[in-house]
Structures are given as C-alpha cells and as structure tokens.
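Engineer:
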Amino acid sequence: MARPLDTAFHRTIPLSSDPDLRRSYMVVNEPLLGNVRFGRLLEALDKMAEDTALNYVRQTYPEARVVTAAIDEIMIMGAADVNRDIVLHARINHVGRTSMEVGIRVEHPGDPGVYIASCFFTMVAR
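Position 32 (the sequence shown) corresponds to 32 in our numbering; numbering is contiguous.
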C-alpha cells in the first residue's frame, strides 16, 4: 500500500493563457485583483480532492468510489489574481477506515510563488 505522501497531485488552472477559462473564473469582466469566482474555484478544489482520494483508494479497491463528506476548513491567505495561473497541490494527510483527509494548497506559480489558500476535505469511500 502506498504511503499517503506518495499520492500527491499537482494541477494547474491555466488562467494566464486561456481567455475563455479566465472569463469563467471572473466575477465581473474586469482584470481586478481578487476577481475570482470562489464557487468556481471550490468546484476545482472538490474535484482535486476527489481525484487524490480515488488515486489512493483504487490502489487496493479498483472499483471504489469516494464522496466529499465535509470541507473541514478553508484558510484564505491572500487575494487571487485572475490574470495568473492557479496551482493546486493536494495530498492525503490522514487515512482512517472509511474516510480520509485531503489537504490542498492553492498558490500562484513563480519565484517566489504566492500562497493564496489552504483547505481540508474529508472524503468518504463507499
């Protein structure tokens, strides 16, 4: 069985290079700092948590499914820039008998990267 650390995922939301995707993430049609539809970002975070949990569970149970039981915490550390890519870094923090916690760090890439948020999802296998 893989260690939870071995199930880390990284995904980029290419807002800087895809104008249609960028527009779908904007609240108003202005390139303002913080003009990111939080609900749309939450959908991407939920999908990332699902994919991370499935990758771990399906190593043992190929037909397994997972659902989001709860979003335990979302810590917003800074405003997101809709003109820059958003990178999601996810990994499993804890595994129980039927549930697991997936932690996701949200940031803008670069040197240095800009830390936007962290969140924790409880996923349940069924």
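Think of the CB as a built atom: it goes at the ideal place given N, C-alpha and C, for glycine as much as any other residue.
Can you tell me where the alpha helix (DSSP H) with Arg40 in it begins and where it stops?
Structural biologist: Segment 38-57, the alpha helix (DSSP H) holding Arg40.
Engineer: With DSSP as the reference, label Leu21 as helix, strand or coil.
Structural biologist: In the structure shown, Leu21 sits in a helix (DSSP, three-state: H, G or I).
Engineer: To the nearest angstrom, report how far apart Val114 and Arg65 are at their CA atoms.
Structural biologist: So the alpha carbons of these two residues sit roughly 33 Å apart.
Engineer: Between which two residues does the beta strand (DSSP E) harbouring Ser16 extend?
Structural biologist: Ser16 -> no beta strand (DSSP E), and no H or E assigned at all.
Engineer: Only counting runs of 3 or more residues, tell me where the beta strand (DSSP E) segments fall wholly within the segment 90-118, in order along the chain.
Structural biologist: As far as the segment 90-118 is concerned, its whole beta strand (DSSP E) runs of at least 3 residues are 99-108.
Engineer: From Ala49 to Ala90, what does the alpha carbon distance come to, in whole angstroms?
Structural biologist: C-alpha separation (whole angstroms): 7 Å.
Engineer: Please classify Leu15: is it buried, with 16 or more other beta-carbons within 10 angstroms of its beta-carbon, or exposed?
Structural biologist: Flag for Leu15 reads buried.
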